[in-house]
């Protein structure tokens with residue numbers, strides 16, 4: 007499926023998604039020097055404002071490396087990244103002081119550049135581990151991401167309520183279960199009002215009932231704030247249940263081998279027949295898809 011075909015229609019829940027960043031990424035090569043490794047090669051895709059895109063692939067496919075490049079944590083690559091950001095972050099009213107075009111700094115090498123335009127780029131991260139500050143309570147951890155002078159206790163408290171943590175605002179991380187800590191991490195990410203949210207296997211290692219509750223929590227928040235999301239996972243069911251589109255990666259070097267639009271109504275809960283049906287069809291048509299092999303690659307041709 008071509009990128010143009012897959013982006014021609016938007017699934018339910020994304021039709022009014024205009025408050026997130028638009029991304030245009032072209033990576034010619036990304037190398038690591040020690041040991042010499044070609045991590046990514048020939049990757050090119052576009053993400054629409056407010057789109058939820060999942061990235062699925064085996065270990066070693068460079069999925070986390072890709073997130074680091076998009077997030078600006080890794081600037082040493084050959085290619086180009088353009089991020090167009092709305093003047094007002096999700097959930098905030100337009101501000102007349104924003105909206106001027108601006109250019110970001112160039113990355114290493116003449117062909118490696120990052121451009122940002124139209125507004126203040128706000129990037130949120132959610133990782134496998136919650137990464138909470140142990141000396142701050144739940145409310146303090148959520149508020150931590152707001153710039154100085156932009157404190158919003160009411161907004162932070164509301165997000166804790168939305169993530170099912172009402173009554174735990176004063177609890178330190180050590181007093182919270184693993185699932186509750188991850189809820190705090192999700193609330194914190196959305197409290198930053200990100201125009202782009204990068205999520206690196208945030209629900210890995212959780213039991214399925216808890217993972218599904220957190221997926222539903224994430225889905226609810228995404229539909230409300232319409233931020234753009236790049237979501238890395240090994241779990242195809244998770245990718246189908248959450249995303250508008252899935253990019254399947256192959257390893258060594260990491261590259262896109264298949265792309266699938268998810269045109270299913272939302273919300274998509276545990277046991278959704280549409281989710282299971284699409285998963286079954288994909289793996290029937292491409293049995294080695296999760297290993298990053300399709301077509302001739304899968305048959306050894």
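In this note's numbering, the protein residues as written are 7 to 307. Ideal Cβ positions, reconstructed from N, Cα and C, are used throughout, including at glycine.
In the DSSP annotation of this structure, residue 221 is not part of any beta strand (DSSP E); the continuous alpha helix (DSSP H) holding it starts and ends at 214-231. Counting of Cβ neighbours within 10 angstroms places residue 205 among the buried residues, the total reaching 16 or more. Secondary structure at residue 149: helix, using DSSP grouped into helix, strand and coil. DSSP assignment within the region 130-214 yields the following whole beta strand (DSSP E) runs of 3 residues or more, N-terminal first: 202-206. DSSP places residue 48 in the uninterrupted beta strand (DSSP E) bounded by 42-53. Under the three-state reduction of DSSP output, residue 276 falls in the coil class, being neither helix nor strand.
With a 10 Å radius around the Cβ and a threshold of 16 neighbouring Cβ atoms, residue 194 comes out buried. Residues 53, 89 of the same chain have their beta carbon placed closer than 6 Å to that of residue 29, with the five preceding and five following residues left out of the count.
Residue environment analysis places residue 137 among the exposed positions, since fewer than 16 neighbouring C-beta atoms fall within 10 angstroms of its C-beta. Taking 8 Å as the cut-off, the Cβ atoms of residue 69 and residue 238 count as close. In this structure, the beta-carbon distance from residue 244 to residue 221 falls below 8 Å. DSSP, read as helix, strand or coil, puts residue 260 in strand. Exposure of residue 154 is indicated by the presence of fewer than 16 other C-beta atoms within 10 angstroms of its C-beta.
Between residue 300 and residue 254, the alpha-carbon positions lie close to 10 Å from each other. Put simply, of 227, 177, 74 the residue whose alpha carbon is nearest the alpha carbon of residue 141 is 177. For residue 251, the secondary structure class from DSSP, reduced to helix, strand or coil, is strand.
Bridge partners of residue 28 according to DSSP: 90. Annotation for residue 76: the continuous alpha helix (DSSP H) segment containing it runs 69-76. Across the set 187, 62, 74, the C-alpha of 62 shows the shortest separation from the C-alpha of residue 252. By the criterion of at least three beta-carbon pairs nearer than 8 Å, the region 38-54 is not in contact with the region 269-285.
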